[in-house]
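For the sequence shown, the working numbering begins at 489 and goes up steadily by one.
Using N, Cα and C, we set each Cβ at its ideal position, and we do this for glycine too.
Here the structure is a predicted model, which means the values were calculated and not measured.
Here is the structure we will look at.
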Amino acid sequence: MRITAAVHCAPPDNKPTTEESRECAHWLVEECALVAPTVRCAVALGGIAWTALARAARSAGWMVPRAAFGHGAEAVALTPAGEEVLLLASYHPSQQNTFTGA
């Protein structure tokens, strides 16, 4: 198991800017390339992670279908070697999301 982040900083209000996301993108592309031979499933926690994962995987040579983010969303990507990787989406479990009062 591996854990990484789409953005490797703690931006104000936990809302990364486009520039912060762009600056950190290469790390996620590298992760996709490193895990491609063995990964079978990737879980994205939150919409930012879902979008970043799809972009990074494509940049690493994966075939990733377009799929809208939503809790429980799924997509099947193909690594450059043709291996299937299940992509799963979930809401982010941060306190900002879980202590909504709803």
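Residue burial classification, residue i (beta-carbon count within 10 angstroms, cutoff 16)
| i | result |
| --- | --- |
| G560 | exposed |
| P553 | exposed |
| A530 | buried |
Cβ pair residue i, residue j closer than 8 Å
| i | j | result |
| --- | --- | --- |
| P525 | W550 | no |
| A494 | V517 | no |
| A513 | R490 | no |
| A577 | W538 | yes |
| E572 | V564 | yes |
Residue range of the unbroken beta strand (DSSP E) whose run includes residue i
| i | result |
| --- | --- |
| E572 | E572 to S578 |
| A565 | E562 to L566 |
Between the CA atoms of residue j and residue i - distance to the nearest angstrom
| i | j | result |
| --- | --- | --- |
| V527 | P500 | 32 Å |
| C520 | R510 | 16 Å |
| V536 | L574 | Contrary to the premise, residue 536 reads as Ile rather than Val in this sequence. Cα to Cα, the separation comes out at about 18 Å. |
| L541 | A532 | 7 Å |
| T505 | Y579 | 19 Å |
| L566 | N502 | 31 Å |
| P581 | T492 | 15 Å |
| A555 | G534 | 14 Å |
Contact with chain B by residue i, beta-carbon distance below 8 Å
| i | result |
| --- | --- |
| H559 | No chain B is part of this structure, which consists of one protein chain only. |
First through last residue of the alpha helix (DSSP H) which encompasses residue i
| i | result |
| --- | --- |
| C529 | From DSSP, C529 is part of no alpha helix (DSSP H) but of the beta strand (DSSP E) over C529 to L533. |
| V591 | Nothing in the structure corresponds to residue 591, since the chain is present only between 489 and 590. |
Own chain residues within Cβ distance below 6 Å of residue i, not counting five before or after
| i | result |
| --- | --- |
| R546 | V552 |
Spatial neighbours of residue i in its chain, beta-carbon cut-off 8 Å, leaving aside the 5 residues before and after
| i | result |
| --- | --- |
| G558 | A577 |
Cβ-based neighbour list, residue i, same chain, cut-off 7 Å, excluding 5 preceding and 5 following
| i | result |
| --- | --- |
| M496 | The sequence as given places His at residue 496; Met does not occur at that position. Cβ within range, chain order: C512 and W515. |
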